[in-house]
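This report refers to the structure that appears directly beneath it.
In my numbering, the protein residues as written are 19 to 154.
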């Protein structure tokens, strides 16, 4: 059974999109720094796909019909951050600081926990140092 022309258009468009988008598009190729660190680009990738066609029936069903069709696709690649890895730390450097509130909260969580623990230790020390008073 022969493939329908629309199927051929869709397969061609999808194969071309698949060749354009791979893991190196989203997480870029690593760039090594002189100090032994690595920098990776992180990108937001969006793509769309559309296909359409037409088929005009005639009296003769065995004819090729005056078929008309089309397909297309689009890709948008926007860098959003750099992932910096070195011997001391792993850090995410966002290009748009306003859109990554959750990441900031996660990054600040260990510091917040440490401050809360310090507050409890300070309170425990104050309680231990208090002298009982007697009323006469």
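Note that beta-carbon positions come from the ideal geometry of N, C-alpha and C, so glycine has one too. Quick caveat: nothing in here was measured; it's all calculated off a predicted structure.
Alpha-carbon spacing of residue i relative to residue j, whole angstroms
i	j	result
residue 113	residue 50	20 Å
residue 132	residue 140	12 Å
residue 55	residue 47	13 Å
residue 20	residue 33	Confidence is the limiting factor: at residue 20 the pLDDT is only 49, short of 50, which leaves the residue's position unreliable, though a coordinate-based value still follows. When rounded, the distance between both Cα atoms is 19 Å.
residue 143	residue 130	20 Å
residue 53	residue 109	15 Å
residue 29	residue 91	12 Å
residue 146	residue 127	29 Å
residue 135	residue 107	24 Å
residue 45	residue 97	10 Å
residue 37	residue 137	56 Å
residue 104	residue 125	17 Å
8 Å contact criterion, which residue i and residue j should meet: CB distance rounded
i	j	result
residue 57	residue 102	5 Å
residue 60	residue 99	4 Å
residue 24	residue 69	6 Å
residue 31	residue 89	4 Å
Distance CB(residue i)-CB(residue j) smaller than 8 Å
i	j	result
residue 35	residue 74	no
residue 27	residue 86	no
Continuous beta strand (DSSP E) stretch holding residue i: start and end
i	result
residue 48	From DSSP, residue 48 is part of no beta strand (DSSP E); its letter is neither H nor E.
residue 109	108-112
residue 65	56-72
residue 100	86-103
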